[in-house]
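**Student:** Take this structure, written in structure tokens, and hold onto it; I'll ask about it next.
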Amino acid sequence: MDGVFIGGCRLNECNYVTQGNYHALNMVLLCRKIMEHIGLNPSRLRIEFMSSGDGIKFAEAVNDFEKNIEVLGPLGSGEGLDKEELSPRLEQIYRLIPYIKMEKKEKLRVRHEQGSNYADFFTTDEIDSLFNDIVSYYIDPEKCQACMICLRKCYVDAIQGGKDLIHIINQERCIRCGNCFDACPEKFSAVQELSGVSVPTSIPEGERKVVRKNKKAESKSISAE
Ligand code: SF4
Ligand code: SF4
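Start counting the sequence shown at 221; every next residue gets the next number (my numbering).
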């Protein structure tokens with residue numbers, strides 16, 4: 221899409237206690253900042269609030285939006301980005317949506333009655349650090365005991381493993397939800413949360429046979445004898 225226009229009911233006039241139009245506003249403000257971060261013009265995404273009686277306002281807003289999009293031109297090329305540059309950026313954001321929503325969940329719930337409070341709701345620095353400090357998850361092969369709990373908790377099939385096999389995370393598939401980190405039993409603590417460092421390479425497939433902790437201890441005591 222070269223542009224997206226969202227029309228919502230007037231703020232404070234939502235029929236539902238959830239006040240979904242505030243949530244939509246927060247989401248749009250976040251998306252606009254992310255668009256800026258990847259080099260897209262944020263005015264390609266607009267939200268306006270109006271009632272069903274605001275026909276003229278609606279028509280004017282849509283006409284104005286359409287004119288702006290015409291001036292901006294097609295998505296990407298209008299910003300001087302070719303398809304090869306834009307596609308991986310969009311792909312990265314797409315994969316990180318669950319992570320971004322989780323990281324910003326408190327803020328996405330905020331409801332300011334004063335429009336002025338939204339001026340700098342999400343800042344450029346905040347969005348830069350959201351992407352720069354992004355976390356990765358890694359399974360320590362020395363600690364993994366192949367209990368398979370993390371594998372069952374990963375909803376995008378990013379964890380490869382099996383009975384008696386050290387589990388590994390496919391970084392390309394991982395959406396950084398952190399479920400595996402929370403799920404790995406404390407006595408193993410095999411899942412690590414990494415930030416600002418590169419993720420170690422996974423051990424090769426033929427070397428994934430798990431060595432049980434008690435077996436390790438046994439073989440150590442035998443060799444000591
Ligand atoms: S963080 Fe863990 S559970 Fe979440 S997607 Fe990545 S591997 Fe799967
Ligand atoms: S939950 Fe922990 S110990 Fe169990 S398979 Fe996953 S990483 Fe290994």
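Backbone N, C-alpha and C fix where the C-beta goes; we use that ideal spot for every residue, glycine too. Just so it is clear, the structure is predicted and the values come from calculations on it, not from any experiment.
Rounded to the nearest angstrom, how far is the Cβ of Gln391 from that of Val419, given a contact under 8 Å?
**Tutor:** Counting from 1 along the sequence shown, the entry for residue 391 is found at position 171. Counting from 1 along the sequence shown, the entry for residue 419 is found at position 199. With a Cβ gap of about 6 Å, Gln391 and Val419 count as contacting.
**Student:** Taking 8 Å as the limit between beta carbons, can you name the residues of its chain near Ile317, skipping five residues before and five after?
**Tutor:** Position 97 of the sequence shown, counted from the start, is the residue given in the question as residue 317. Answer for Ile317: Ile395, listed in chain order.
**Student:** When every heavy atom of ligand 1 is checked, does at least one fall within less than 8 Å of the C-beta of Cys367?
**Tutor:** Residue 367 sits at position 147 when you count from the first residue of the sequence shown. Because no heavy atom of ligand 1 lies under 8 Å away, the Cβ of Cys367 does not count as near it: no.
**Student:** Between Phe401, Gln412, Ile386, which lies nearest to Ile423 when the distance is taken from Cα to Cα?
**Tutor:** What you label residue 423 is simply residue 203 of the sequence shown in a count that begins at 1. Nearest C-alpha to Ile423: Ile386.
**Student:** Quick check on the burial criterion: 16 or more other C-beta atoms within 10 angstroms. Buried or exposed for Gln365?
**Tutor:** Indexing the sequence shown from 1 puts residue 365 at position 145. Buried, by the Cβ-count rule.
**Student:** Rounded to whole angstroms, what's the CA-CA distance from Asn232 to Leu310? Just pull it up for me.
**Tutor:** Position 12 of the sequence shown, counting from 1, holds the residue named residue 232. Position 90 of the sequence shown, counting from 1, holds the residue named residue 310. Straight-line Cα distance between these residues: approximately 33 Å.
**Student:** Where does Tyr242 fall in DSSP's three states?
**Tutor:** What you label residue 242 is simply residue 22 of the sequence shown in a count that begins at 1. In this structure, Tyr242 counts as helix in the three-state DSSP scheme.
**Student:** Excluding the 5 residues preceding and the 5 following Asn288 in the sequence, name in chain order all residues of the same chain whose CB lies nearer than 7 Å to its CB.
**Tutor:** Here residue 288 corresponds to residue number 68 of the sequence shown, with the count starting at 1. Only Ser263 meet the Cβ criterion.
**Student:** Rounded to the nearest angstrom, what separates Ser415 and Ile369 at their Cα positions?
**Tutor:** Here residue 415 corresponds to residue number 195 of the sequence shown, with the count starting at 1. Here residue 369 corresponds to residue number 149 of the sequence shown, with the count starting at 1. Straight-line Cα distance between these residues: approximately 23 Å.
**Student:** By how many angstroms is the C-alpha of Val224 removed from the C-alpha of Ser313?
**Tutor:** Here residue 313 corresponds to residue number 93 of the sequence shown, with the count starting at 1. Here residue 224 corresponds to residue number 4 of the sequence shown, with the count starting at 1. At residue 313 the sequence reads Ile, which differs from the Ser that was named. Each residue's Cα considered, the two are about 17 Å apart.
**Student:** Leaving out five residues before and five after Ser439 in sequence, what residues of the same chain have Cβ atoms less than 8 Å from its Cβ?
**Tutor:** Position 219 of the sequence shown, counted from the first residue, corresponds to residue 439. Low confidence applies here, because Ser439 scores a pLDDT of 49, under 50, leaving its location unreliable and the question unanswered by this model.
**Student:** Taking three-plus beta-carbon pairs below 8 Å as touching, is the region 266–277 in contact with the region 351–363?
**Tutor:** Result no; under three Cβ-Cβ pairs closer than 8 Å.
**Student:** With hydrogens ignored, establish whether the beta-carbon of Val376 is closer than 8 Å to any heavy atom of ligand 1.
**Tutor:** Here residue 376 corresponds to residue number 156 of the sequence shown, with the count starting at 1. Yes.
**Student:** When every heavy atom of ligand 1 is checked, does at least one fall within less than 8 Å of the C-beta of Tyr357?
**Tutor:** As a working note, residue 357 is residue 137 in the sequence shown. Because some heavy atom of ligand 1 lies under 8 Å away, the Cβ of Tyr357 counts as near it: yes.
**Student:** Does ligand 2 have even one heavy atom less than 8 Å from the beta-carbon of Val411?
**Tutor:** The residue given as residue 411 occupies position 191 in the sequence shown. The answer is yes for Val411.
**Student:** For Asp360, collect the residues of the same chain with a Cβ closer than 7 Å to its Cβ; drop the 5 residues on either side in sequence, then sort them by chain order.
**Tutor:** Walking along the sequence shown from the start, residue 360 turns up at place 140. Correct list, in chain order: Ala410, Gln412.
**Student:** Could you pull the DSSP bridge partners for Leu265 from this structure?
**Tutor:** As a position in the sequence shown, residue 265 is number 45, starting the count at 1. Per DSSP, Val224.
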